[in-house]
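Number of protein chains: 2
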Amino acid sequence: MGRASKREEIAEAAFRQFHAKGFNATGINEITKAAGVPKGSFYNHFSSKEESALEALGRYRDSLRFEMLSSQDRPPLERLRAHFEFLGEDLLRNGFARGCLVGNLGAEVADHSEVIRAAAKRGFDGWAARLREVLTEAQEAGDLDASIDVESTALFILSAWEGTLIAARIDKSAAPMDAFFRTVFGGVLR
Amino acid sequence: MGRASKREEIAEAAFRQFHAKGFNATGINEITKAAGVPKGSFYNHFSSKEESALEALGRYRDSLRFEMLSSQDRPPLERLRAHFEFLGEDLLRNGFARGCLVGNLGAEVADHSEVIRAAAKRGFDGWAARLREVLTEAQEAGDLDASIDVESTALFILSAWEGTLIAARIDKSAAPMDAFFRTVFGGVLR
Chain A
21 MGRASKREEI
31 AEAAFRQFHA
41 KGFNATGINE
51 ITKAAGVPKG
61 SFYNHFSSKE
71 ESALEALGRY
81 RDSLRFEMLS
91 SQDRPPLERL
101 RAHFEFLGED
111 LLRNGFARGC
121 LVGNLGAEVA
131 DHSEVIRAAA
141 KRGFDGWAAR
151 LREVLTEAQE
161 AGDLDASIDV
171 ESTALFILSA
181 WEGTLIAARI
191 DKSAAPMDAF
201 FRTVFGGVLR
Chain B
21 MGRASKREEI
31 AEAAFRQFHA
41 KGFNATGINE
51 ITKAAGVPKG
61 SFYNHFSSKE
71 ESALEALGRY
81 RDSLRFEMLS
91 SQDRPPLERL
101 RAHFEFLGED
111 LLRNGFARGC
121 LVGNLGAEVA
131 DHSEVIRAAA
141 KRGFDGWAAR
151 LREVLTEAQE
161 AGDLDASIDV
171 ESTALFILSA
181 WEGTLIAARI
191 DKSAAPMDAF
201 FRTVFGGVLR
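Residue numbers (this note's numbering), protein chains in the order written: chain A, 21 to 210; chain B, 21 to 210.
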């Protein structure tokens, strides 16, 4: 296995381990074991576990299919719903486990690692900006009350989604997701 | 220090450590050190770190002043707002750190510890039931649209609050909390 593919194997294994087990429960040993590479090779590619977590956040972001939000194939609020339905399917496929890597690392290590907190903040800021764009489009199309503050509402919907994933993992049921769709699309975005 | 007070010191130190650092980053060593007791004494009082986390969840719940929700001194929706403002002050006092112990343990260990997941679920279920009661009172008083599904809405508000705390810790700002109050009290509960 060449250097480039080894790095890829390690980065992908780190992403999967952090998503499944969290930051502190994941050891570098387990990452290299899952990647099928010698333990020492981790430090040929990453300076620290923290650095591999930053790359994991990037990989997670790339899995979120944000292009669904901006494609012009459907009305804005339908795209917004499809976006969260797509993310929700992931939770169902994982048996109500894992949730959102950004929220998970935020809850577990944002208070203790400034670099991870800053990366999570960039992730949330970019995500909220994309949600805001969809809400703005919906207002322009006349599908959303013009009096709604799109910046505050985008931020709120993102927070609500993050909490919904945690509640669904704790409840091991789709009830919190059902409540999210009902209240956001039947109430907040009337 | 007698047995009873030693147990109290250990339980309180465990609560504070879990709240500040999370489950996996907290060692029994650190709990006993913070409690000022010999390391071995932990197991005289708790069978495992998990068991001390269950007690920590109970201590956290007792700090939430749920009686604010049921006292009849103010209209129901004012009590609901005061409840979340009280919880939000805690985050501000801690410099946007710590957040909610139930959500934190849920995000970090619900996928891996069935006993902690079950305890977190009991915590959320009880909390959602209290929120639901306040919403029902508000409907009965004519302060809340009778068409709102109070069960689903209570669950949603709790999820949204949990995500709001994580977003505020990641953002190290009150913006997510401002968005919560604006959308919940200016939108969801119109």
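Using N, Cα and C, we set each Cβ at its ideal position, and we do this for glycine too. These figures come from a predicted structure and were not determined experimentally.
Item, Value
"For residue 17 of chain A, the three-state DSSP class (helix, strand or coil)", "Any question about residue 17 of chain A goes unanswered here, given that chain A covers just 21 to 210."
"Beta-carbon proximity check, residue 180 of chain B vs residue 188 of chain B, cutoff 9 angstroms", "no"
"Cβ shell of residue 29 of chain A (< 8 angstroms), same chain only, five flanking positions each side left out", "21, 55, 56, 57"
"Residues near residue 182 of chain B by beta carbon distance below 7 angstroms, same chain, minus five either side", "120, 123"
"Residue 11 of chain B at chain A interface by Cβ criterion, 9 angstroms", "In the structure displayed, chain B extends from 21 to 210; residue 11 of chain B sits before or after that span and is not available."
"Residue nearest to residue 81 of chain A in terms of C-alpha spacing, selected from A:117, A:40, A:140", "A:140"
"Chain B residues whose Cβ lies nearer than 7 angstroms to that of residue 42 of chain A", "44, 128"
"Minimum length 3: unbroken beta strand (DSSP E) runs contained in the region 45-85 of chain A", "none"
"Span of the alpha helix (DSSP H) around residue 190 of chain A", "170-191"
"Backbone CA spacing between residue 203 of chain B and residue 89 of chain B [nearest angstrom]", "20 angstroms"
"Residue nearest to residue 152 of chain A in terms of C-alpha spacing, selected from A:107, A:137, A:138, A:170", "A:170"
"Neighbour flag for residue 48 of chain A against chain B, beta carbons, 9 angstroms", "no"
"Secondary structure of residue 132 of chain A, DSSP reduced to three states", "coil"
"Neighbour-count burial assignment, residue 59 of chain A, 16 or more Cβ in a 10 Å radius", "exposed"
"Any C-beta of chain A under 9 angstroms from that of residue 68 of chain B", "no"
"Residue 202 of chain B - containing alpha helix (DSSP H), residue span", "195-203"
"Contact set for residue 184 of chain B: own chain, Cβ-Cβ below 8 angstroms, skip 5 residues either direction", "196, 197, 199, 200"
"The region 144-163 of chain B / the region 130-148 of chain A touching (three or more Cβ pairs under 8 angstroms)", "no"
"Closest Cα partner of residue 108 of chain B within the set B:208, B:192, B:209", "B:192"
"Chain B contact residues for residue 108 of chain A, given Cβ-Cβ distances below 9 angstroms", "In chain order: nothing, as chain B lies at least about 13 angstroms away."
"Secondary structure of residue 143 of chain A, DSSP reduced to three states", "helix"
"Through-space distance from residue 34 of chain A to residue 47 of chain A, alpha-carbon basis", "9 angstroms"
"Cut-off 8 angstroms between Cβ atoms - residues of its own chain near residue 111 of chain A, not counting five sequence neighbours on either side", "117, 118, 119, 185, 188, 189, 197"
"Residues from the region 172-192 of chain B in contact with chain A, defined by Cβ distance under 9 angstroms", "172, 173, 174, 175, 176, 177, 178, 179, 180, 181, 182, 183, 184, 185, 186, 187, 188, 189, 190, 191, 192"
"Residue 113 of chain B at chain A interface by Cβ criterion, 9 angstroms", "no"
"Residue span of the alpha helix (DSSP H) that contains residue 209 of chain A, given as start and end", "Note, residue 209 of chain A: premise wrong, no alpha helix (DSSP H); not H, not E."
"8 angstroms contact criterion, which residue 130 of chain B and residue 79 of chain B should meet: CB distance rounded", "Their Cβ separation, rounded to whole angstroms, is 19 angstroms, which puts residue 130 of chain B and residue 79 of chain B out of contact at 8 angstroms."
"Neighbourhood of residue 148 of chain A by C-beta, 6 angstroms cutoff - its chain only, sequence neighbours within 5 removed", "174, 175, 178"
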